[in-house]
Amino acid sequence: MTTRILPQDPYIEAIGDALTAAGLEPTDYTFTEDSETRGTYCYLNAVITLDPSGTLASDDEDARDSAAWPHGLLLLWEWHTGVEADQGEPERGPIWQFAALKDDGSTEYPTDLPVLGYASPAAIVEAARKVIGREILPGDFFNVGQWRGWNGGIIGDVWERHAELDAACEAWGNDEASE
């Protein structure tokens, strides 16, 4: 985790607290402003690792083989500058996604979560439970926003501090664009 406070840190901490209170305690969460880049443009992101099957610390291969989430579940939040939207990258602003971890630490292509970009912690908890319970299944690479098995629309509402978070992310994006 970086020592610099990033715009999303208080938000992701609130999400982590809500997940923990709901019995879905994150095994790890990291914040960074540029852990990955698309082209030359940075974006804000946070990665939350969940262990819904309770197998991440287990050496029991049989238990892991029969588990629904043997290597964990990632919840991914990103805020994009939108600079490369004309090249197929996300529009400016936030998105939530999820992905199952594989045994080698890689993932399949992440799937959008049916929540708002600045979703409330309660909405993230509800969406995570629906992913864990397989009510929301991974989509496919070419159908962004398509949630197999899910027809319930957007889950929940926005975080009560979304305007403050949006302003901080916009300021960060403007600073990045000026450099």
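When you line the sequence shown up against the working numbering, it's residues 96 to 274, in that order.
Here a beta-carbon is modelled for each residue, glycine too, at the ideal position from N, C-alpha and C.
Since we're looking at a predicted model, the values are computed, not measured.
Beta-ladder partner(s) of TRP172, from DSSP: Within the sequence shown, residue 172 is the residue found at index 77, counting from 1. Answer by DSSP bridge pairing, in chain order: ALA141, TRP191.
Nearest-angstrom Cα separation, counted from VAL226 out to TRP164: Numbered from 1 along the sequence shown, position 69 holds the residue referred to as residue 164. Numbered from 1 along the sequence shown, position 131 holds the residue referred to as residue 226. Looking at the two C-alpha atoms, the distance is approximately 10 Å.
N-terminal and C-terminal residue of the alpha helix (DSSP H) that TYR213 is part of: Taking the sequence shown and counting its residues from 1, one reaches residue 213 at position 118. For TYR213, there is no enclosing alpha helix (DSSP H), as DSSP gives it neither H nor E.
Distance between THR150 and GLY244 (C-alpha atoms, nearest Å): As a working note, residue 244 is residue 149 in the sequence shown. As a working note, residue 150 is residue 55 in the sequence shown. Near 25 Å, if we compare the C-alpha coordinates of THR150 and GLY244.
DSSP-derived helix/strand/coil call for TYR106: Position 11 of the sequence shown holds residue 106. It is helical.
ILE231 - partner residues in DSSP beta bridges: The residue you call residue 231 lines up with position 136 of the sequence shown. The partner list for ILE231 (beta bridge, DSSP) is empty, contrary to what the question assumes.
Cβ neighbours of TYR106 in the same chain (closer than 6 Å, five flanking residues each side left out): As a first step, residue 106 is located in the sequence shown; it is residue number 11 there, counting from the start. The residues are LEU260.
Contacting residues, own chain, Cβ-Cβ under 8 Å from PRO216 (five flanking each side not counted): The residue you call residue 216 lines up with position 121 of the sequence shown. Once the five neighbours on either side are set aside, the close Cβ partners of PRO216 are ALA109, ILE110, ASP112, ALA113, LEU114, TRP254.
Residues of its chain near GLU64, where Cβ-Cβ distance is below 6 Å and the 5 sequence neighbours each way are ignored: In the structure displayed, the chain extends from 96 to 274; residue 64 sits before or after that span and is not available.
Span separating the alpha-carbon of GLY234 from that of ALA117: The residue given as residue 234 occupies position 139 in the sequence shown. The residue given as residue 117 occupies position 22 in the sequence shown. C-alpha separation (whole angstroms): 26 Å.
Inter-residue Cα distance where the pair is ALA223 and GLY177: Numbered from 1 along the sequence shown, position 128 holds the residue referred to as residue 223. Numbered from 1 along the sequence shown, position 82 holds the residue referred to as residue 177. Going from the Cα of ALA223 to the Cα of GLY177 covers about 26 Å.
Pair within 8 Å by beta-carbon distance, PRO121 and LEU101: For the purposes of this step, residue 121 is identified with residue 26 of the sequence shown, where counting begins at 1. For the purposes of this step, residue 101 is identified with residue 6 of the sequence shown, where counting begins at 1. No, the Cβ-Cβ distance between PRO121 and LEU101 is not below 8 Å.
Cβ neighbours of ILE143 in the same chain (closer than 6 Å, five flanking residues each side left out): The sequence position of residue 143 within the sequence shown is 48, counting from 1. PRO121, TYR124, LEU170.
Burial state of ILE219 (16 or more Cβ within 10 Å): If you number the sequence shown from 1, residue 219 lands on position 124. When all chains shown are included, ILE219 counts as buried.
Inter-residue CB distance, GLY212 and GLY188 (contact presumed, cutoff 8 Å): The residue you call residue 212 lines up with position 117 of the sequence shown. The residue you call residue 188 lines up with position 93 of the sequence shown. Contact holds; Cβ gap of about 6 Å.
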